[in-house]
Amino acid sequence: MTPDLRRTGTRVRTRTALPAVALLVAALVGGCGPSGSTSTAEASGATATAATAGAGAASAAAADAAFAELEQRFGARLGVYAVDTGSGREVVHRTDERFAFASTIKSLAAGALLRKASDADLDKVVPYRQEDVLAWAPITSQHVATGMKLRDLASAAIQYSDNTAANLVFAELGGPAAVQQSLRDLGDSTTSVDRTEPTLNEATPGDTRDTSTPRVLAADLRRYVLGDVLPEGRRGLLTDWLVGNTTGGPYIRAGVPADWRIGDKTGNAGYGTRNDVAVAWPSGGRAPIVIVVLTDRGKADATSDDALIAQATKTVVSALG
Numbered sequence: 001m002t003p004d005l006r007r008t009g010t011r012v013r014t015r016t017a018l019p020a021v022a023l024l025v026a027a028l029v030g031g032c033g034p035s036g037s038t039s040t041a042e043a044s045g046a047t048a049t050a051a052t053a054g055a056g057a058a059s060a061a062a063a064d065a066a067f068a069e070l071e072q073r074f075g076a077r078l079g080v081y082a083v084d085t086g087s088g089r090e091v092v093h094r095t096d097e098r099f100a101f102a103s104t105i106k107s108l109a110a111g112a113l114l115r116k117a118s119d120a121d122l123d124k125v126v127p128y129r130q131e132d133v134l135a136w137a138p139i140t141s142q143h144v145a146t147g148m149k150l151r152d153l154a155s156a157a158i159q160y161s162d163n164t165a166a167n168l169v170f171a172e173l174g175g176p177a178a179v180q181q182s183l184r185d186l187g188d189s190t191t192s193v194d195r196t197e198p199t200l201n202e203a204t205p206g207d208t209r210d211t212s213t214p215r216v217l218a219a220d221l222r223r224y225v226l227g228d229v230l231p232e233g234r235r236g237l238l239t240d241w242l243v244g245n246t247t248g249g250p251y252i253r254a255g256v257p258a259d260w261r262i263g264d265k266t267g268n269a270g271y272g273t274r275n276d277v278a279v280a281w282p283s284g285g286r287a288p289i290v291i292v293v294l295t296d297r298g299k300a301d302a303t304s305d306d307a308l309i310a311q312a313t314k315t316v317v318s319a320l321g
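Taking UniProt numbering, I'd label the letters of the sequence shown as residues 1 to 321.
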């Protein structure tokens, strides 16, 4: 599938770009002293901010070309949203288009669980039967006889993408509708949570069930990991689970510098869907960056290509500088 590239809408946005233009105009038109000469300090400051805006525009153009080339090369649709939480700069591409979220929802379900459950709830043992164990259940399949603590189920759902663990977490929350309501409570009016594993991974084009957008998933993840939705201890627990994820090596983690700290949750579904959502902590004390990359190929028998997400992430890192 070769995607329609006319609606990609890639942007690298700097929130100070418009004020920069205004400062430049003010400096050149109204910023003159009594002698009619432009104030050196004002002019130099305006020139610097205008240069920043110009650099942002150039970066956006480069990112736009890079994302378009990736879509053509991989025969895929690519959705990207990234934000530097320190500067507010954003990189976006198809950021408001719907994609199947696949197993990335497990990170948000875990966040909802940590918001709702008491410490005693997290430590309770959840029993389950052999018939509850799905095809991909690398952790829960080993503990059918004993059951597992709820906190360990949430960890398994994130770090090993264990589908049985995810369904048990969903059940604890009250099912898909309750998971969706937990997102509505965050202010997310977009994400549609409708099914459990494995049917949420169908990803049929045009079906809005179990879908969201790059922008909205990034906002939800940011609220749970970096915001004040969870108390500090619970934020730390969710962060540890994400940083300890074992499935993310080829994706966002492969596209950032080796000394960055990454917490992520991957997803894989039908129609060539391959996703990763992450919070990245750059080295040197720089503010975290939230990165969401969602991809699909639009054909029922399509496979995904791991390199697409890594390459898109490299474009994000380059664009943000």
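C-beta atoms are modelled at their ideal positions from N, C-alpha and C, and glycine is treated no differently.
Span of the beta strand (DSSP E), counted from its first residue to its last, around residue i
i: Val293; result: 289-296
i: Gly263; result: 261-269
i: Trp281; result: 273-281
i: Leu78; result: 77-84
Extent of the continuous alpha helix (DSSP H) run through residue i
i: Asp119; result: 119-123
i: Arg151; result: 150-159
i: Ala112; result: 105-116
i: Val92; result: Note, Val92: premise wrong, no alpha helix (DSSP H); beta strand (DSSP E) at 90-93.
i: Arg253; result: 252-255
i: Asp306; result: 306-320
i: Ser182; result: 176-184
i: Val169; result: 163-173
Whole-number beta carbon distance between residue j and residue i, since they are thought to touch under 8 Å
i: Val126; j: Gly147; result: 5 Å
i: Ile252; j: Ile291; result: 6 Å
i: Leu320; j: Val91; result: 6 Å
i: Asn275; j: Phe101; result: 7 Å
i: Arg286; j: Gly86; result: 6 Å
i: Thr104; j: Val216; result: That pair is no contact at about 12 Å.
Beta-carbon proximity check, residue i vs residue j, cutoff 8 Å
i: Leu173; j: Tyr128; result: no
i: Thr247; j: Glu97; result: no
i: Tyr224; j: Leu150; result: no
i: Gly272; j: Ala302; result: yes
i: Lys106; j: Ala157; result: yes
i: Arg261; j: Leu114; result: no
i: Gly270; j: Glu197; result: no
i: Ala120; j: Ala154; result: no
Would you be able to state if there are at least three C-beta pairs under 8 Å between the region 162-177 and the region 123-140? Yes, since at least three Cβ pairs between the region 123-140 and the region 162-177 fall closer than 8 Å, the two stretches touch.
With a threshold of 8 Å, are at least 3 pairs of Cβ atoms found where one atom belongs to the region 309-316 and the other to the region 76-87? Contact between the region 309-316 and the region 76-87 is present, because at least three Cβ pairs lie under 8 Å.
Quick one: any contact between the region 250-267 and the region 180-195, if contact means 3 or more CB pairs under 8 Å? Verdict: no, contact absent.
May I ask you to verify whether the region 204-223 touches the region 187-195, counting CB pairs closer than 8 Å and requiring at least 3? Contact between the region 204-223 and the region 187-195 is present, because at least three Cβ pairs lie under 8 Å.
Run through the region 203-243 for me and flag every whole alpha helix (DSSP H) of 4 or more residues, listed as ranges in chain order. As far as the region 203-243 is concerned, its whole alpha helix (DSSP H) runs of at least 4 residues are 214-226, 232-243.
With three or more C-beta pairs closer than 8 Å as the rule, is the region 296-307 touching the region 235-245? Taking 8 Å as the limit for Cβ pairs, the verdict is that the region 296-307 does not touch the region 235-245.
Would the region 64-77 count as touching the region 301-308 if we require 3 or more Cβ pairs under 8 Å? Yes: at least three Cβ pairs fall under 8 Å.
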